[in-house]
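Quick notes on the structure that follows.
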């Protein structure tokens, strides 16, 4: 069965067409600047990547252009929509309503809408993608795969905040966690690679990108994760502050005469390594280059980020009373050897023997970075959220 995987943002739409049985990617691409001056980048398997400017005022037009590209007589990979058996949608926030992926119905869409205030930038955009696909492919089953679902196995001691309990009862204020599709995919692969049954392995997944999170996966279940009610909590990130003293809100608000919207703008878009580096960059490649040239602010940003990752690894080792494997994934985790080395420099107490020479030479490949005598295995495992969504979709539709 061919599964079309859709990851819909407010003004963008990423897609892959995957043969879910063979797991081959038939085509992939992205629609950008929807509603402004849109463009479609499309690449069939084995073919060239082509970018075309197109008028796409809404996501419905974007989906239509994707379908047109996939069925194009010359560069398409299927003859008609009949060859697309299902559509898998990345859905960001399912609250406590969804602990698993689901076939999308009107009731499901209503439940996702009820979580909009928990993810106001993501959930409405995800639903726009669903509605656009349903309009153009009314007879094709749609599946929702939620970023938060994997973390619904966390116990209360991990997800409750130190707030009046009524905030949880009345408003569902709790830790939800994100990147669940990635954490699930990588932790399963880690168990395979270390030769342990998934339900007996203790893995810490470090999903490190512009948005970053760490997850403790014990016996096949997420037992703790660094992001919280929103993706702002946890690690210092590209432009997000991560964990801070909440009293800073009031202190800065008074000093700078900011309201709550102004404070949230600072915490989400002006902080993280971007803020620490005095606005140099949120891109770790730029920070590494600048640090090599002696920029102390870039070096500070890299040190703060790596230190936070190492602290979470220590905390989650304690939470699981041990760890078998630490897996680095996502853009920074897979490609930034400097960050990986800085993080692992704190982990000698775990009996990790780290192959620094190998680490310095590898990017974006599945590889073991720890030496054979290491008590804990350290690995790079490239994430593949699209494939994970295709697998979930195939299982549900079948």
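Residue numbers (our numbering): 112 to 509.
C-beta: ideal position from N, C-alpha, C; glycine also.
Could you tell me the alpha carbon to alpha carbon distance between residue 229 and residue 288, rounded to whole angstroms?
For this step, residue 229 is matched to residue 118 along the chain shown. For this step, residue 288 is matched to residue 177 along the chain shown. Going from the Cα of residue 229 to the Cα of residue 288 covers about 12 Å.
For residue 198, the nearest candidate out of 360, 292, 242, 389 (CA to CA):
Locating residue 198 in the chain shown gives position 87, counting from the first residue. Residue 242 is the option with its Cα nearest to residue 198.
So the alpha helix (DSSP H) residue 292 belongs to, where does it begin and stop?
The count along the chain shown starts at 1 and reaches residue 292 at position 181. Run containing residue 292: 291-305, per the alpha helix (DSSP H) assignment.
Beta carbon of residue 293 nearer than 9 Å to that of residue 333
As a working note, residue 293 is residue 182 in the chain shown. As a working note, residue 333 is residue 222 in the chain shown. Not a contact, by the Cβ cut-off of 9 Å.
Using a Cβ-Cβ cut-off of 6 Å (strictly less than) and excluding sequence neighbours within five positions of residue 512, which residues of its own chain qualify?
Not covered by the structure: residue 512. The range shown for the chain is 112 to 509.
Quick check for students: name the residue ranges of the alpha helix (DSSP H) that lie wholly in the region 430-506, counting only runs of 4 or more.
441-446, 448-455, 467-472
Do three or more CB pairs link the region 269-280 to the region 213-232 at distances below 8 Å?
no
Alpha carbon to alpha carbon, how far is residue 347 from residue 409? Give it in angstroms, no decimals.
Counting from 1 along the chain shown, the entry for residue 409 is found at position 298. Counting from 1 along the chain shown, the entry for residue 347 is found at position 236. About 14 Å.
Where does residue 327 fall in DSSP's three states?
For the purposes of this step, residue 327 is identified with residue 216 of the chain shown, where counting begins at 1. Reduced to three states, the DSSP call for residue 327 is strand.
Would DSSP call residue 215 helix, strand or coil?
As a working note, residue 215 is residue 104 in the chain shown. Note: residue 215 maps to coil in three-state DSSP.
Using C-beta distances below 6 Å, list every residue in its chain close to residue 313, excluding the 5 sequence neighbours before and after it, in chain order.
As a working mapping, residue 313 is identified with position 202 in the chain shown. So the list reads 329, 431, 433, 434, 435, once near-sequence residues are dropped.
Looking at C-alpha atoms only, which residue of 203, 184, 156, 139 is the closest neighbour of residue 174?
Start at 1 with the first residue of the chain shown, and residue 174 comes out as number 63. Comparing Cα positions, the closest option is 139.
Since I believe residue 437 is in contact with residue 489 (beta carbons under 8 Å), could you give me their beta-carbon distance rounded to a whole number of angstroms?
One-based indexing of the chain shown puts residue 489 at position 378. One-based indexing of the chain shown puts residue 437 at position 326. About 5 Å; that satisfies the 8 Å criterion.
Contact defined as beta carbons within less than 8 Å: I believe residue 372 pairs with residue 265. What is the distance between those atoms, to the nearest angstrom?
Against the chain shown, residue 372 aligns to sequence position 261. Against the chain shown, residue 265 aligns to sequence position 154. Not quite, the Cβ-Cβ distance comes to about 30 Å (not below 8 Å), so this is no contact.
N- and C-terminal bounds of the beta strand (DSSP E) containing residue 135
Counting from one through the chain shown, the residue named residue 135 turns up at place 24. Per DSSP, residue 135 belongs to the beta strand (DSSP E) from 135-143.
Residue 311 versus residue 454: straight-line alpha-carbon distance, rounded:
Walking along the chain shown from the start, residue 311 turns up at place 200. Walking along the chain shown from the start, residue 454 turns up at place 343. Rounded to whole angstroms, residue 311 to residue 454 spans 25 Å at the Cα level.
Here's the rule I'm using: 16 or more other beta-carbon atoms within 10 Å means buried, otherwise exposed. How should residue 214 be labelled?
Position 103 of the chain shown holds residue 214. So residue 214 ends up on the exposed side.
Cβ shell of residue 300 (< 6 Å), same chain only, five flanking positions each side left out:
Counting from one through the chain shown, the residue named residue 300 turns up at place 189. Within the same chain, residue 300 has close Cβ partners 492.
Does the beta-carbon distance from residue 423 to residue 337 come in below 9 Å?
By one-based count along the chain shown, residue 423 stands at place 312. By one-based count along the chain shown, residue 337 stands at place 226. Against a cut-off of 9 Å, the Cβ pair of residue 337 and residue 423 comes out as a contact.
Using a 10 Å radius around the Cβ and a threshold of 16 neighbouring Cβ atoms, would you call residue 161 buried or exposed?
Locating residue 161 in the chain shown gives position 50, counting from the first residue. With fewer than 16 other Cβ atoms within 10 Å, it is exposed.
According to DSSP, is residue 158 helix, strand or coil?
Locating residue 158 in the chain shown gives position 47, where the first residue counts as 1. Residue 158: coil per DSSP, three-state reduction.
Just to confirm the assignment, what range does the beta strand (DSSP E) spanning residue 255 have?
Mapped onto the chain shown, residue 255 falls at position 144. Run containing residue 255: 253-257, per the beta strand (DSSP E) assignment.
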